[in-house]
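> Here you go, one structure.
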Amino acid sequence: MYQGQDYINLASESNYLNESSYNFTNVKKQAFTILYIFMLVFVSISILLYVSQVLNINQSSSKLLELEDRLEAVRSKNERLEVKLASKTSLAQVERIAKNELNMVDASEKETLVYNNQIKREEKFMADIPKEKFFLAQIYDKIVKEVTTVQAESLE
Amino acid sequence: MQQFEESKKNRIIFYFAIIFILFIILALRLVWIQVINSAEYEHKALNQRIKEFVVNSERGIIYDNTGRKLAVSLPAKTVVALPDNIINPEKTAAELTELLDISYNTIYRRITSDAAAIFLQRKVSNELYEQIEARNLKGITFTEESKRYYPEGELASHIIGFTGVDNNGLSGLELSYNNYLSGKAGKMIIERDAQGKTIPNGIREAVPGRDGYNVHLTIDEVIQYMAEKELKNAAEKFDFSGGSVIVMDSSNGDLLAMANTPLYNPNQFGDYSEESWRNRAINDVFEPGSTFKIITAAAALEEGVITENDILTDPGHIYVENEEINCWSNRGHRSQTFAEVVKNSCNPGFVEVGLKMDKETFYSYIKAFGFGEQSGIRLPAEARGIIPEYDRIGPVELATFSFGHGISVTPIQLAAAISSVANGGKLMQPRLVKEVDTGSRSENIINEPQIVRQVISKSTADKTKELLKQVVESGTGTQAAIEGYEIGGKTGTAKHYNEDIYDSSFIGIVPAGDRDLVVLTILYDIKGETYYGSQTAAPVFKNLTANILNYLNIKPDTKDEFSYQNNEQEIEIPNLIGESFLSAETSLREKGFNVKLIGDGKIVKDQLPAAGIESNYNSTVWLFSEKEAKEEILIAVPDFRGLQGNAAVKLAEQKGLKVTLSGSGKVIGQSVYPGRRIKSTNQINLKLR
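Those protein sequences? They're chains R and A, same order as listed. Here the first sequence stands for residues -8 to 147, where the numbers follow our numbering. Here the second sequence stands for residues 16 to 704, where the numbers follow our numbering.
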């Protein structure tokens, strides 16, 4: 009986839902729910983003540390190689390789030849023919000159 | 039923009370930890995560003057044992014994000790590190340290020196420039996780240190190599304990090479005897012998007591206070000019010259040339040389000094002194470090060439150089001559007291463009038949110098073959007694004589040689303001035997001695033994036949 009464009351309440005031409250509740869900999603995403960002930073930092270690190792190796190179190219090593492996020998005493370029070069003539005696040759030159010389055209 | 209910309620209350009390205790404890004592726990937690360690600064690099690295620092691994982590100590010790230079027992004792961590072997080679790493031994780990490495090995090892296991300089420049090279250690604070890995974005703070400064030397690697090679070659030919070679640029005191034997490799300095570590060119002294005659000649020429044309006599010996001093030539060099005395390296001739200077003058020149004091090269344990105290020097000591005996010098002192002759009289401080590179933080420290003092005038220096050139051209140093180069030099041979062991040396002045190089070669403790400087040190000098000239591309000058010109003109000495010093000096200099004034007076009371005597052009005439001063002078008696009467008289007059002749022909006897030193007033009787 008691339950029946309650059910009746509930029925009367459900009737109440059909009223206009109920509609307004319902919309309000729905809006809050949506807002609540939105906020929840937003906060969750923010937290996820933050965590992923932190993870990213940590990963990058780890990578940075790793790269720093590698850089240090490469630098050490480079230094060692430079020193090895210096040792291999030291004069003692070069001489040892030259003598023992390439069978080279010490240079013999250096001989210096002095080239004297101050000596005056005197032009020697086999025969000196006086100009006046070379009259025919002069005429020949004149004729050749006249034939071969071309006068450039003037604007006038 | 009600009683049971009550009992149940009481028990619940009781347990609740206990839980409450426990909760209160826990809460209080939490308050104690989190609030009241939080700082301490925070500190403890931080200490677990944070590791603070010292970041060692990198030691500076040593370069030669061509930019070649002579000493560098490399990271090296140190083998560390963590005894708590070692599972099987016997097996670990056995495996490490195969690789490390440590016995099984030592390793076992160490890896089973109570220490948390222990160094097994520091700064192992990279190859050894890789071998140990490959074994993957539990509880054996590595830490990184810095190790000094010398890429050129033995080259210039005596100059550079070496460092100890803690990277502090122990010898050579590594020690003397340790403050510049070592730098300042920094500090690093890092947050680490339980595995010891660095926590990304954790605490990471650094107190920066300062790397060591780089040092640039004046040494030329190639010349240094040549010098060391020549000493090695000499060791194959001669029997000697070691040698030194110094190549110095006389214009600025720069050392282009400073080599010593025996050599050692600073990378494994522990494998060599301490004797091998010595830089004998700096740390040891030797008796310079005839090479010191350059100093005597320069001092005497500067003081005007002698000129290259003055006549000196050598009967093979000279007596100083009854002590007989012999010439290296038993027969002596007879009558000769001072130029010939230098050329022949005549001991009695130099004794005469040395004694012409008074003790104070000669001693002051020895000091002025830098002997008896450190050269300022700034290398550890530099010797000062041994010069007897002034008060202990008598005529005999002065006589022996004049030919380089009874005095001990360091090779660097001798090279610096002869450099002053080569460069026009300036004593330069030997320079080994050109610049200290302090990086970008501050200005570099530049070690400018330093003139210690002007010891002799340029004209004296030039004259001395000319005299040395004829030594190489036609005197005792011909073994050092190189065709086409005007090299001046002097040999030196000093015998050890009471032993047939010799120190042989040669010092030469080599023209190299607009500067002169001074090259000193010394071979210590030579034994055997061949020991003279001309036979041993001079050929070493020649080979080395020829290579240096070739390397520096100094072309030979074949046009102007050097030939020392001796003016053989003779001039009559005027009578100057009674004249003023000034006019007498002017008159003599106009005629072409050198003048030496003795006394403080203004009027000439006496002169030596006497007036009317024909003497060599540019020979020295002594003018005295007191007659007694001349009488006190002791003159070495020549060996007149074999001379014609007139020649004997002329020689005696030139020297300021009085002779009387008995008989005719050649001198067969003389009343005063040759080599004795007598006063000018004493008479010598010559017997002729």
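Backbone N, C-alpha and C fix where the C-beta goes; we use that ideal spot for every residue, glycine too. Computed from a prediction, not measured in an experiment: that's the story for all the values here.
What is the DSSP secondary structure of V335 (chain A), reduced to helix, strand or coil?
DSSP places V335 (chain A) in strand when its eight states are reduced to three.
> Could you say which of A:N183, A:Y119, A:G543 lies nearest to S256 (chain A) if we only look at CA atoms?
When each option's Cα is compared against that of S256 (chain A), the closest is A:G543.
> Counting only beta-carbon atoms, is A89 (chain R) nearer than 9 angstroms to chain A?
No, A89 (chain R) does not count as interfacial toward chain A.
> Note down, in chain order, every chain A residue with its Cβ under 7 angstroms from the Cβ of R71 (chain R).
Residues of chain A passing the Cβ test: L89, N141.
> Suppose the cutoff is 6 angstroms on Cβ atoms and the five residues either side in sequence are ignored; what does the same chain contact list for T508 (chain A) look like?
Once the five neighbours on either side are set aside, the close Cβ partners of T508 (chain A) are G304, Y517, S519, Y547, G548.
> By a C-beta neighbour count over all protein chains shown, 10 Å radius and 16 as the cutoff for buried, is R26 (chain A) buried or exposed?
With fewer than 16 other Cβ atoms within 10 Å, it is exposed.
> Taking the alpha carbon of S259 (chain A) as the point to measure from, which residue in A:G285, A:R293, A:N267, A:Y287 has its own alpha carbon closest?
Minimum Cα distance to S259 (chain A) is reached at A:R293.
> Go ahead and label M443 (chain A) buried or exposed: buried means 16 or more other beta carbons lie within 10 angstroms of its beta carbon, across all protein chains shown.
By the 10 Å Cβ count, M443 (chain A) comes out buried.
> Apart from the five residues just before and just after A118 (chain R), which ones in its own chain have a Cβ nearer than 8 angstroms to its Cβ?
Its pLDDT being 46, under 50, A118 (chain R) is placed unreliably by the model, and the measurement read from it follows with that caveat. Same-chain partners within the cutoff: there are none.
> By DSSP, does Y539 (chain A) sit in helix, in strand, or in coil?
Y539 (chain A): strand per DSSP, three-state reduction.
> If I'm right that A437 (chain A) touches S265 (chain A) with Cβ under 8 angstroms, what's the distance once you round it to whole angstroms?
Sure, about 4 angstroms apart at Cβ, within 8 angstroms.
> Please decide whether K84 (chain A) counts as near chain R, where near means a Cβ-Cβ distance under 9 angstroms.
Judged by the 9 angstroms Cβ criterion, K84 (chain A) is in contact with chain R.
> DSSP on W292 (chain A), reduced to helix/strand/coil?
It is helical.
> By the criterion of Cβ-Cβ separation under 8 angstroms, what are the contact partners of S78 (chain R) in chain A?
Here the neighbours are P166, E167, G168.
> Applying the criterion that 16 or more other CB atoms from any shown protein chain within 10 Å of the CB defines a buried residue, is K115 (chain R) buried or exposed?
Because K115 (chain R) sits at a pLDDT of 48, beneath the cut-off of 50, its placement in the model cannot be relied upon, and the following sentence gives the value as read from the coordinates. By the 10 Å Cβ count, K115 (chain R) comes out exposed.
> If you measure from the beta carbon of A99 (chain R) to each beta carbon in chain A, is any gap under 9 angstroms?
Per the sequence presented here, residue 99 (chain R) reads as Ser, with Ala not at that position. Taking Cβ atoms only, chain A never reaches closer than 9 angstroms to S99 (chain R), which makes this a no.
> Could you confirm whether any beta carbon from chain A is found closer than 9 angstroms to the beta carbon of V18 (chain R)?
Closer than 9 angstroms: no.
> Among A:Y334, A:L327, A:I340, A:A552, whose alpha-carbon lies nearest the alpha-carbon of A354 (chain A)?
Among A:Y334, A:L327, A:I340, A:A552, the Cα nearest to that of A354 (chain A) is on A:L327.
> Going by C-alpha distance, which of A:G211, A:P104, A:D299, A:A625 is nearest L672 (chain A)?
Residue A:A625 is the option with its Cα nearest to L672 (chain A).
> Who are the near neighbours of V682 (chain A) in its chain, counting only those whose CB is closer than 6 angstroms to its CB and skipping five residues on each side?
Within the same chain, V682 (chain A) has close Cβ partners F655, R656, L658, A663, L701, L703.
> Can you tell me which of the three DSSP states F35 (chain A) falls into?
Looking at F35 (chain A) - three-state DSSP - the assignment turns out to be helix.
> Between the Cα of I234 (chain A) and those of A:Y30, A:L85, A:N280, spot the shortest distance and give me the residue it belongs to.
It is A:L85 whose Cα lies nearest to the Cα of I234 (chain A).
> What's the C-alpha gap between E594 (chain A) and R692 (chain A)?
Straight-line Cα distance between these residues: approximately 29 angstroms.
> With contact counted as at least three CB pairs below 8 angstroms, one residue from each stretch, are the region 87 to 107 of chain A and the region 119 to 139 of chain A in contact?
Touching, yes, given that three or more Cβ pairs across the two stretches are closer than 8 angstroms.
> Rounded to whole angstroms, what is the Cα-Cα separation between F29 (chain A) and E20 (chain A)?
Using only the alpha carbons, I get a separation of about 14 angstroms.
> What residues from the region 40 to 53 of chain R come within 7 angstroms of chain A, judged by C-beta to C-beta, listed N to C?
Within the region 40 to 53 of chain R, the qualifying residues are I48, N49, S52, S53.
> On the DSSP bridge list, what partners appear for N631 (chain A)?
Answer is A:E585.
> For A396 (chain A), I'd like the list of residues in its chain whose CB is within less than 6 angstroms of its CB, leaving aside the five on either flank, ordered along the chain.
Hits under 6 angstroms: N298.
> Would you mind telling me which residues of chain R sit closer than 7 angstroms to N216 (chain A), beta carbon to beta carbon, in chain order?
The answer, in chain order, is I48, N49, S52.
> Spatial neighbours of K473 (chain A) within its chain, please: C-beta separation below 8 angstroms, excluding the five flanking residues on both sides.
For K473 (chain A), where only same-chain residues beyond five positions count, the Cβ hits under 8 angstroms are G439, G440.
> Give the residues of chain R in contact with T213 (chain A), contact being defined as C-beta atoms less than 8 angstroms apart.
Result: L56.
> Between T696 (chain A) and the rest of its own chain, which residues show a CB-CB distance below 7 angstroms, the 5 nearest in sequence each way excluded?
Within the same chain, T696 (chain A) has close Cβ partners E646.
> Here's the rule I'm using: 16 or more other beta-carbon atoms within 10 Å means buried, otherwise exposed. How should M95 (chain R) be labelled?
Looking at its Cβ environment, which holds fewer than 16 other Cβ atoms inside 10 Å, M95 (chain R) is exposed.
> Mind checking which residues open and close the beta strand (DSSP E) that includes D621 (chain A)?
It spans 621 to 623 - the beta strand (DSSP E) in which D621 (chain A) sits, taken as one unbroken run.
> By alpha-carbon positions, which one of A:V555, A:D477, A:I471, A:D452 ends up nearest to G492 (chain A)?
Checked all of A:V555, A:D477, A:I471, A:D452; the closest Cα to G492 (chain A) is A:V555.
> I'd like to confirm the pairing. Which residues does DSSP put opposite K673 (chain A) in its beta bridges?
Answer is A:Q698.
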